[in-house]
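Residue numbers (this note's numbering): 1429 to 1844.
Idealized CB from N, CA, C, for every residue including glycine.
Since we're looking at a predicted model, the values are computed, not measured.
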Ligand SMILES: Cc1cc2nc3c(=O)[nH]c(=O)nc-3n(C[C@H](O)[C@H](O)[C@H](O)COP(=O)(O)OP(=O)(O)OC[C@H]3O[C@@H](n4cnc5c(N)ncnc54)[C@H](O)[C@@H]3O)c2cc1C
């Protein structure tokens, strides 16, 4: 458990212990700020940050929209930065991109996209794309049915253990003097003469109030709900876009598979992960309670149906070892479909006396470090202090002792 003593008053209070909350905590701590504390109602990473596709990537599919190019370029830079500071948790993974015989993106279009991806990565690239023969593709992904494909490309991205990355950033922040309280739920937020009062339910059910000058609301899908229940109008509307994953026994993949679903213009992944095979993901508007998130039969059928037509031997439902789902929490963009909504982030600021509350909408695991640095700069500017983020330096990263994640974890984590 991360259980530092609860402060009564703190300069910066971070709400929510997903990758963004811990990233901001680590960023502030790396600048030498100790008067920073984080509250998480569950255990760190319990939300979407342990339920992602586990890719640290530029996002090849975002190249479909010119205005997302800067986001892709930034993510490709961050991919390299994270490899350098946490190489044991963020490692290169080769992908096979098969071109469909009928439907989907043409070989020419994919070639242009992959060339652009390499160009945007520039000197931060982890491996250039190239074509593969059928036998080379089958050596990397023996499960695919070659009669469906006309040709193949190889390209590179990175894979991580998302939960381990969350814990690493939090542990590093604590080593640098910041505080974390797991099992502490934010019940309400109210304005105070000097910033904000945050009412917290402690693990034993008793209440505590923390006053803070600067609050960062990084509660993801819960962020607006807590504001509304506190009588504070959120600065932005947001939607939850649900994504489901299935965990199967190891299919013997040596590379990830980047597969197209031409009917709905989506892509999905089949990935080797922690000694298992991960299949994901779906996209569906979710308006229910984020605490009650389960993978539905429809989602299982969608993923298996789309995957099986490309495999020599179909995946069987009876072989599913675990399922998990997360929520993409995105600021609403008028007139855009949910899959076309930008994954870029939005920050909503609300003032109270000398204080500010910043609410985070959107973001990606891959770019969390850069976003935390942007927020850290804002906090420093608010207090008129100059201190620089050091999270791109290995010297502010610390490893927890204990066993590394194993194949069992890929299933155990999502049970119960
Ligand atoms: C299906 C899916 C796949 C994805 N795959 C990728 C990928 O491969 N690569 C990538 O770069 N990005 C990916 N993303 C995006 C990425 O996972 C998210 O952007 C990121 O994890 C969001 O982190 P967060 O910290 O904002 O939110 P969360 O991880 O949801 O954290 C919010 C935290 O707030 C806590 N909280 C809630 N209410 C309270 C309260 N009242 N008091 C205290 N704490 C509270 C929650 O318990 C939770 O831990 C994916 C997203 C989804 C949905």
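Quiz item: Using the rule of at least 16 other Cβ atoms within 10 Å of the residue's Cβ for burial, across every protein chain shown, is residue 1726 buried or exposed?
Solution: Locating residue 1726 in the chain shown gives position 298, counting from the first residue. Under this definition residue 1726 is an exposed residue.
Quiz item: In whole angstroms, what separates the C-alpha of residue 1622 from that of residue 1808?
Solution: As a first step, residue 1622 must be located in the chain shown, where it is residue number 194. As a first step, residue 1808 must be located in the chain shown, where it is residue number 380. Roughly 17 Å separates the two Cα atoms.
Practice problem: Decide yes or no for the touch test of the region 1590-1599 against the region 1821-1829: beta carbon pairs closer than 8 Å, at least 3 of them. | Solution: Yes, they touch.
Self-check item: Burial state of residue 1803, where buried means 16 or more other Cβ atoms lie within 10 Å
Solution: The residue labelled residue 1803 in the question sits at position 375 within the chain shown. Buried, by the Cβ-count rule.
Quiz item: Exposed or buried, what is residue 1647 when buried is set at 16 or more other beta-carbons lying within 10 Å of its beta-carbon?
Solution: Against the chain shown, residue 1647 aligns to sequence position 219. So residue 1647 ends up on the buried side.
Exercise. Have a look at residue 1434 and residue 1609 and give me their C-alpha separation to the nearest angstrom.
Key: The count along the chain shown starts at 1 and reaches residue 1434 at position 6. The count along the chain shown starts at 1 and reaches residue 1609 at position 181. The alpha-carbon atoms of residue 1434 and residue 1609 are separated by roughly 7 Å.
Quiz item: Would a C-beta distance cut-off of 7 Å place residue 1475 and residue 1446 closer than the cut-off?
Solution: Taking the first residue of the chain shown as position 1, residue 1475 is located at position 47. Taking the first residue of the chain shown as position 1, residue 1446 is located at position 18. By the CB criterion at 7 Å, residue 1475 and residue 1446 fall inside the cutoff.
Practice problem: May I have the straight-line CA-CA distance separating residue 1503 from residue 1573, to the nearest angstrom? | Solution: The count along the chain shown starts at 1 and reaches residue 1503 at position 75. The count along the chain shown starts at 1 and reaches residue 1573 at position 145. Straight-line Cα distance between these residues: approximately 32 Å.
Quiz item: Relative to ligand 3, is the shortest distance from any of its heavy atoms to the C-beta of residue 1429 smaller than 6 Å?
Solution: By its list of ligands, the structure shown excludes ligand 3, since it contains just ligand 1.
Practice problem: Spell out a yes or no on whether the region 1521-1533 and the region 1562-1579 are touching, meaning 3 or more CB-CB pairs, one atom from each, closer than 8 Å. | Solution: Remark: three or more beta-carbon pairs, one from each stretch, lie closer than 8 Å, so the region 1521-1533 and the region 1562-1579 are flagged as touching.
Quiz item: Is the CB-CB distance between residue 1645 and residue 1787 below 7 Å?
Solution: Along the chain shown, one-based indexing puts residue 1645 at 217. Along the chain shown, one-based indexing puts residue 1787 at 359. In contact: residue 1645 and residue 1787 (Cβ atoms closer than 7 Å).
Practice problem: Please check the pair residue 1846 and residue 1629, which I expect to be a contact at CB under 8 Å, by giving their CB distance rounded to whole angstroms. | Solution: Because the chain in this structure spans residues 1429 to 1844, residue 1846 falls outside the shown range and cannot be described.
Self-check item: CA nearest to the CA of residue 1753, picked from 1782, 1738 and 1713
Solution: As a first step, residue 1753 is located in the chain shown; it is residue number 325 there, counting from the start. Of the listed residues, the one whose Cα sits closest to residue 1753 is 1713.
Exercise. Can you tell me the Cβ-Cβ gap for residue 1749 and residue 1455, rounded? I've got them flagged as a contact below 8 Å.
Key: By 1-based counting over the chain shown, the position of residue 1749 is 321. By 1-based counting over the chain shown, the position of residue 1455 is 27. With 8 Å as the limit, residue 1749 and residue 1455 do not qualify as a contact, their Cβ atoms being about 36 Å apart.
Exercise. Please name the residue, chosen from 1605, 1619 and 1540, that lies closest to residue 1583 on a Cα-to-Cα basis.
Key: Counted from its first residue, the chain shown places residue 1583 at position 155. Checking every option, the nearest Cα to that of residue 1583 belongs to 1540.
Quiz item: Are residue 1569 and residue 1685 close, meaning C-beta to C-beta below 7 Å?
Solution: As a first step, residue 1569 must be located in the chain shown, where it is residue number 141. As a first step, residue 1685 must be located in the chain shown, where it is residue number 257. Taking 7 Å as the Cβ cut-off, residue 1569 and residue 1685 qualify as a contacting pair.
Exercise. For residue 1527, write down the residues that DSSP places opposite it in a beta bridge.
Key: The sequence position of residue 1527 within the chain shown is 99, counting from 1. Note: residue 1527 is bridge-paired with 1579 in the DSSP secondary-structure output.
Quiz item: Excluding sequence positions up to five away, which residues of its chain have a Cβ less than 8 Å from the Cβ of residue 1451?
Solution: Counting from 1 along the chain shown, the entry for residue 1451 is found at position 23. Excluding positions up to five away in sequence, the list reads 1597, 1796, 1797, 1799, 1800 and 1819.
Quiz item: Measuring CA to CA, which of 1439, 1480, 1463 and 1431 is closest to residue 1757?
Solution: Within the chain shown, the letter at position 329 stands for residue 1757. Here the closest residue by C-alpha is 1480.
Self-check item: CA nearest to the CA of residue 1735, picked from 1617, 1694, 1457 and 1516
Solution: Numbered from 1 along the chain shown, position 307 holds the residue referred to as residue 1735. Selected option, being the one with the closest Cα: 1694.
Quiz item: Hey, is residue 1507 close to ligand 1, as in C-beta under 6 Å from one of its heavy atoms?
Solution: Translated into the one-based positions of the chain shown, residue 1507 becomes position 79. Outside the cutoff, so no.
Quiz item: Taking DSSP as the reference, what is the three-state secondary structure of residue 1445?
Solution: Numbered from its first residue, the chain shown carries residue 1445 at position 17. Three-state DSSP puts residue 1445 in coil, outside helix and strand.
Quiz item: Any idea if residue 1822 is buried or exposed, counting beta-carbon neighbours within 10 angstroms, 16 or more meaning buried?
Solution: On the chain shown, residue 1822 is found 394 positions in, with the first residue counted as 1. Residue 1822 comes out exposed.
Quiz prompt | residue 1589 - partner residues in DSSP beta bridges | solution = Your numbering for residue 1589 matches position 161 in the chain shown. Bridge partners of residue 1589: none, in fact.
Quiz prompt | Status (buried if at least 16 other CB within 10 Å, exposed otherwise) for residue 1700 | solution = Walking along the chain shown from the start, residue 1700 turns up at place 272. By the 16-neighbour rule on beta-carbons within 10 angstroms, residue 1700 is buried.
Quiz item: Are three or more beta carbon pairs between the region 1491-1509 and the region 1665-1683 nearer than 8 Å?
Solution: The region 1491-1509, when compared against the region 1665-1683, does not touch it at the 8 Å Cβ threshold.
Quiz item: Do residue 1707 and residue 1731 come within 7 Å of each other at the CB atom, strictly closer than that value?
Solution: As a first step, residue 1731 is located in the chain shown; it is residue number 303 there, counting from the start. As a first step, residue 1707 is located in the chain shown; it is residue number 279 there, counting from the start. Taking 7 Å as the Cβ cut-off, residue 1731 and residue 1707 qualify as a contacting pair.
Quiz item: How would you label residue 1710, buried or exposed, when you count the other beta carbons within 10 angstroms and need 16 or more for buried?
Solution: As a working note, residue 1710 is residue 282 in the chain shown. Burial call: buried.
Self-check item: Which of helix, strand or coil DSSP assigns to residue 1821
Solution: Locating residue 1821 in the chain shown gives position 393, where the first residue counts as 1. DSSP places residue 1821 in coil when its eight states are reduced to three.
Quiz item: Taking 6 Å as the cut-off, does the CB of residue 1447 come closer than this to any heavy atom belonging to ligand 1?
Solution: Position 19 of the chain shown, counting from 1, holds the residue named residue 1447. Annotation for residue 1447 indicates a beta carbon within 6 Å of some heavy atom of ligand 1.
Quiz prompt | Integer-rounded CB distance, given that residue 1789 should sit under 8 Å from residue 1666 | solution = Counting from 1 along the chain shown, the entry for residue 1666 is found at position 238. Counting from 1 along the chain shown, the entry for residue 1789 is found at position 361. Yes, they are in contact, since the Cβ atoms of residue 1666 and residue 1789 sit about 5 Å apart, within 8 Å.
Quiz prompt | Cβ-heavy atom distance, residue 1474 to ligand 1, below 6 Å | solution = What you label residue 1474 is simply residue 46 of the chain shown in a count that begins at 1. In terms of side-chain proximity, the C-beta atom of residue 1474 is found nearer than 6 Å to a non-hydrogen atom of ligand 1.
Practice problem: Indicate, with yes or no, if ligand 1 has a heavy atom lying under 6 Å from the CB of residue 1614. | Solution: The count along the chain shown starts at 1 and reaches residue 1614 at position 186. Yes.
Quiz prompt | residue 1516 to residue 1703 span [Cα, whole Å] | solution = Taking the first residue of the chain shown as 1, we reach residue 1516 at position 88. Taking the first residue of the chain shown as 1, we reach residue 1703 at position 275. Their Cα atoms are separated by approximately 16 Å.
Exercise. State the beta-bridge partners of residue 1806 as determined by DSSP.
Key: For the purposes of this step, residue 1806 is identified with residue 378 of the chain shown, where counting begins at 1. Per DSSP, none; premise fails for residue 1806.
Quiz item: In chain order, what residues of the same chain have a beta carbon less than 6 Å from the beta carbon of residue 1723, not counting five sequence neighbours either side?
Solution: Locating residue 1723 in the chain shown gives position 295, counting from the first residue. Within the same chain, residue 1723 has close Cβ partners 1672, 1751 and 1753.
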